[in-house]
Amino acid sequence: MIQNAIDILKTSKILFVLTGAGISAESGIPTFRGVDGLWKNYSVTDLATPEAFAKNPALVWEWYQWRQEIISRAKPNAAHTVLVEIEKKFDKFLLLTQNVDNLHQRAGSKNVLELHGNIFRSRCNTCGMVYETITKTEAKAANVPTCTCGSFLRPDVVWFGEPIPQDIWQESLSFLSKADCAIICGTSGVVWPAAAIPQIAKTTGTKIIEVNLEQTPMTPIVDVSLLGKASEILTEIVSHLR
Ligand code: APR
3 MIQNAIDILK
13 TSKILFVLTG
23 AGISAESGIP
33 TFRGVDGLWK
43 NYSVTDLATP
53 EAFAKNPALV
63 WEWYQWRQEI
73 ISRAKPNAAH
83 TVLVEIEKKF
93 DKFLLLTQNV
103 DNLHQRAGSK
113 NVLELHGNIF
123 RSRCNTCGMV
133 YETITKTEAK
143 AANVPTCTCG
153 SFLRPDVVWF
163 GEPIPQDIWQ
173 ESLSFLSKAD
183 CAIICGTSGV
193 VWPAAAIPQI
203 AKTTGTKIIE
213 VNLEQTPMTP
223 IVDVSLLGKA
233 SEILTEIVSH
243 LR
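Each position in the sequence shown, counted from 1, maps to that position plus 2 in the numbering used here.
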């Protein structure tokens, strides 16, 4: 099966990659679904919706600060690093990630778009001003950090029930329509709109290679399904690319 993926990639010039929490699992960052997934132990409605923030911003910040700390300690793993190498091997490359952990950028990937925001940024809940960094102590001192306008800051991530950034989505779709191949790695394929990417790719004849520990709802329509750890599979793939 891996040979099929290598054959597709060898004849591809334009590569699109979609990643999800699974690619950061080997860095020690919990995924959302599955046996030890965050949503098994924490409530989406209490922590990751605009309503949750309106009701209890301090609780929401406490959870995001806990995740920021885990993510700050984590390092990019081999899967992130190999994607940096893969980027250099194609004429055009776009990495769309649902992850908010910044690990692709830290690994050195260049052309990265974040569909669900970034956990290290915050933005004003009222005026929308974006803060590139907010230190943990700043946030902790006041419990809920505030903007210069006086309103609460919120994590600059996309919560359930919120629209994704349209400019990023449109740019991704435009790239995908020209891509020869799409690698979909470490995502359960249940959260929209990213879950629609295999269907969309099909309409333009883009070949799809899925990399995941297990089968997902996307598996029946992909061209090649590679079951296993992202780090191992991507490392094997890149060793066969010139
Ligand atoms: N290698 C490859 N795949 C892996 C690995 C690994 N080492 N570890 C886990 N996986 C796979 C799991 O099998 C699962 O299919 O990664 C996937 C992770 O799925 P989710 O936890 O649902 O993560 P994701 O698809 O990124 O979730 C989408 O949901 O809660 C929201 O906003 C959050 O961006 C997130 C979105």
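Idealized CB from N, CA, C, for every residue including glycine.
- In this structure, 179 is the residue among 54, 234, 179 with its C-alpha nearest to the C-alpha of residue 200.
- With distances taken between CA atoms, residue 204 lies nearest to 224 out of 234, 224, 10, 21.
- Distance from the CA of residue 65 to the CA of residue 43, rounded to the nearest whole angstrom, comes to 12 Å.
- Of the candidates 168, 158, 181, 181 places its Cα closest to the Cα of residue 97.
- With 16 or more other CB atoms across the displayed protein chains lying within 10 angstroms of its CB, residue 63 is buried.
- Look at residue 232: its beta carbon is less than 7 Å from one of the heavy atoms in the ligand APR.
- For residue 119, same chain residues with a beta-carbon under 7 Å away, outside a window of 5 residues either side, are 102, 158, 159, 160 in chain order.
- Look at residue 210 here: in three-state DSSP terms it is strand.
- Cβ atoms of residue 35 and residue 190 come within 8 Å of each other, at about 5 Å.
- Under DSSP, residue 119 takes part in a beta bridge, and its partners are 159.
- Taking a 10 Å sphere around the C-beta of residue 128, we find fewer than 16 other C-beta atoms and assign the residue as exposed.
- For residue 125, the secondary structure class from DSSP, reduced to helix, strand or coil, is strand.
- Here the region 44 to 55 does not lie against the region 104 to 124, with fewer than 3 beta-carbon pairs under 8 Å apart.
- Residue 100 has its CB nearer than 7 Å to a heavy atom of the ligand APR.
- With distances taken between CA atoms, residue 226 lies nearest to 217 out of 234, 217, 233.
- When only Cα atoms are considered, residue 106 and residue 167 end up about 19 Å apart.
- Excluding its 5 nearest sequence neighbours in each direction, residue 133 has C-beta neighbours in its own chain below 6 Å: 124, listed in chain order.
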